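Numbering (the working numbering), first residue to last: 1203 to 1380. Please read the structure below before turning to the comments.
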Amino acid sequence: MAMNSLWARSLAVVVLMLSVVVLSACEGGKAVYPTRDRGASAPRMGDEKRETVFGAEGLFGDKKKGTGGGEGIGVNSFLWRASLDTLGFMPIATADPFGGTIITDWYQLPEAPNERFKVNVFILDRALRADGVKVSVFKQARDAMGQWVDVKIEAKMAGELENSILTRARQLRIVSTE
């Protein structure tokens, strides 16, 4: 029994010493740092322009300030704010500043309880342009049974809302440059 115990201790000491020798052999490595001129596959330094799958503006847009008032959201901020201001009297169902969509819920005028309106606004560009906003207006009226039915609406109503949004956006831009 004493011989087994001595043999187990000797084996443990030998394994421990071999472990120390193996680990100390790993210590002498030299770090290799990338340099600028190693070909196309070499890592790039921080001051070089990188190409990414998200394009020149990156995942969250251009990082430079002053690019047309669209910082922080995916569309022109003046058109976005003007759209919200113009539709402020209607209940907003969905507003997506990155996709540039505003969808209102149905709104009834107090003077006309038998008809209701719904508006969808799509901001199409990061620039403040006349064709950068598209408005769709929907109207429903109650029939004799009290059910809501779609009613054809004049095309000029959507155009008037677009013009109102564009006018407000221009006002916001003028105020921001003063």
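All residues carry an ideal CB built from backbone N, CA and C; glycine is no exception. Keep in mind that this is a model prediction, so the values were computed, not measured.
Which residue comes first and which comes last in the beta strand (DSSP E) that contains residue i?
| i | result |
| --- | --- |
| aspartate 1352 | 1350–1353 |
| aspartate 1298 | 1294–1298 |
| proline 1315 | 1314–1325 |
| alanine 1343 | 1335–1344 |
Confirm, please, whether the CB-CB distance from residue j to residue i is below 8 Å.
| i | j | result |
| --- | --- | --- |
| glycine 1361 | asparagine 1278 | no |
| phenylalanine 1319 | lysine 1341 | yes |
| alanine 1284 | arginine 1370 | yes |
| leucine 1311 | phenylalanine 1280 | no |
| glycine 1276 | phenylalanine 1300 | yes |
| isoleucine 1337 | leucine 1363 | In the sequence as displayed, the identity of residue 1337 is valine instead of isoleucine. Yes, the pair counts as a contact, with Cβ atoms nearer than the cut-off. |
| valine 1323 | leucine 1289 | yes |
Can you give me the start and stop residues for the alpha helix (DSSP H) that residue i sits inside?
| i | result |
| --- | --- |
| isoleucine 1376 | 1357–1379 |
| phenylalanine 1280 | 1279–1288 |
From this set, the options, which residue's C-alpha is nearest residue i's C-alpha?
| i | options | result |
| --- | --- | --- |
| alanine 1381 | Ala1346, Val1321 and Ser1285 | Here the chain comprises residues numbered 1203 to 1380, so residue 1381 is not present and cannot be evaluated. |
| isoleucine 1294 | Ala1343, Lys1341 and Thr1306 | Thr1306 |
| alanine 1332 | Pro1315, Asn1206, Met1359 and Ile1367 | Ile1367 |
| arginine 1344 | Glu1317, Met1359, Ser1338 and Leu1363 | Glu1317 |
| isoleucine 1325 | Trp1282, Val1222 and Asn1206 | Trp1282 |
Nearer than 7 Å: is that true of the beta carbon of residue i relative to any heavy atom of the ligand SAH?
| i | result |
| --- | --- |
| glycine 1290 | Ligands in the displayed structure: none, and consequently the ligand SAH is not present. |
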